[in-house]
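S.K.:
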Amino acid sequence: MKLTLPDEAATVALGRHLLAVLPADLANWTILLQGELGAGKSTLARALINAAGHTGPVPSPTYTLVEPYELPRGILYHIDLYRVSDEDELQYLGWDDLGDGCRLVEWPERVAGLGEQADLMVRLRYAKGGREVEISGLSERGSALLVALAATYPED
Ligand SMILES: Nc1ncnc2c1ncn2[C@@H]1O[C@H](COP(=O)(O)OP(=O)(O)O)[C@@H](O)[C@H]1O
Ligand SMILES: [Mg+2]
Numbered sequence: 037m038k039l040t041l042p043d044e045a046a047t048v049a050l051g052r053h054l055l056a057v058l059p060a061d062l063a064n065w066t067i068l069l070q071g072e073l074g075a076g077k078s079t080l081a082r083a084l085i086n087a088a089g090h091t092g093p094v095p096s097p098t099y100t101l102v103e104p105y106e107l108p109r110g111i112l113y114h115i116d117l118y119r120v121s122d123e124d125e126l127q128y129l130g131w132d133d134l135g136d137g138c139r140l141v142e143w144p145e146r147v148a149g150l151g152e153q154a155d156l157m158v159r160l161r162y163a164k165g166g167r168e169v170e171i172s173g174l175s176e177r178g179s180a181l182l183v184a185l186a187a188t189y190p191e192d
């Protein structure tokens, strides 16, 4: 599905709507966030994390790579792979230890094959002062979720 996000508030609203259609138990969900620098990946991740009940700051994981959030609906990991260049490095940073947490992954294209383990691909791009977003399902449940998400955007 494709949406126009004319301003930051629209990106934040998308984060909230995404969380609203995700199951109560976020275990094992993986959402990939693609887009160039400033496209709104962190804005979207922050909105989703806040909507899931986190009230404090949401620092960028650019240097820490992984920022964990223990939330009522399960543990959520905000991940930034900008500094990661291959799958070996991913294992080194403890990817396998993230267990059944929910993963929000910025710069997923740094690691080949991540799409096979993921549920949703969110692609953000600059458009007319705002942004456009294209969301695709990478798993069966991801595709099913898109149907519910589309219902929250009837005008698009
Ligand atoms: N739909 C939008 N239209 C215009 N500006 C936006 C939109 N969504 C987010 N922004 C702004 O763009 C910037 C995106 O930054 P950020 O979310 O850190 O991007 P990224 O993580 O992709 O590098 C922020 O300044 C944010 O306020
Ligand atoms: Mg970012």
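Under my numbering, the first residue of the sequence shown carries the number 37, and numbering increases by one thereafter. Beta carbons are placed, not taken as given, at the ideal position from N, Cα and C, and that holds for glycine.
#1: Sort out for me which residues DSSP pairs residue 153 with in a bridge.
#2: Can you tell me whether residue 77 sits near ligand 1, meaning its C-beta is under 8 Å from at least one heavy atom of the ligand?
#3: If we count Cβ pairs, one from each stretch, closer than 8 Å, do we get three or more for the region 171-183 versus the region 107-127?
#4: Can you tell me which of the three DSSP states residue 125 falls into?
#5: With a threshold of 16 other CB atoms inside 10 Å of the CB of residue 40, please say whether the residue is buried or exposed.
#6: Please find out if some non-hydrogen atom of ligand 1 comes closer than 8 Å to the beta-carbon of residue 46.
#7: From 94, 87, 127, pick the residue whose C-alpha is nearest to that of residue 108; which is it?
#8: Going by C-alpha distance, which of 58, 74, 59 is nearest residue 167?
#9: Are the CB atoms of residue 142 and residue 78 within a distance shorter than 9 Å?
#10: Cα-Cα, which of 63, 76, 57, 37 is closest to residue 160?
#11: Looking at the unbroken beta strand (DSSP E) that takes in residue 169, where does it start and where does it end?
#12: Any chance the CB of residue 179 is under 8 Å from a heavy atom of ligand 2?
#13: Would you mind working out which of 162, 164, 98, 156 sits nearest residue 181, comparing C-alpha positions?
#14: Note down the Cα distance separating residue 106 from residue 112, rounded to an integer number of angstroms.
M.R.: Concretely, from the data shown:
#1: Answer is none; residue 153 lacks a bridge partner.
#2: yes
#3: no
#4: helix
#5: exposed
#6: yes
#7: 87
#8: 74
#9: yes
#10: 76
#11: 166-173
#12: no
#13: 156
#14: 6 Å
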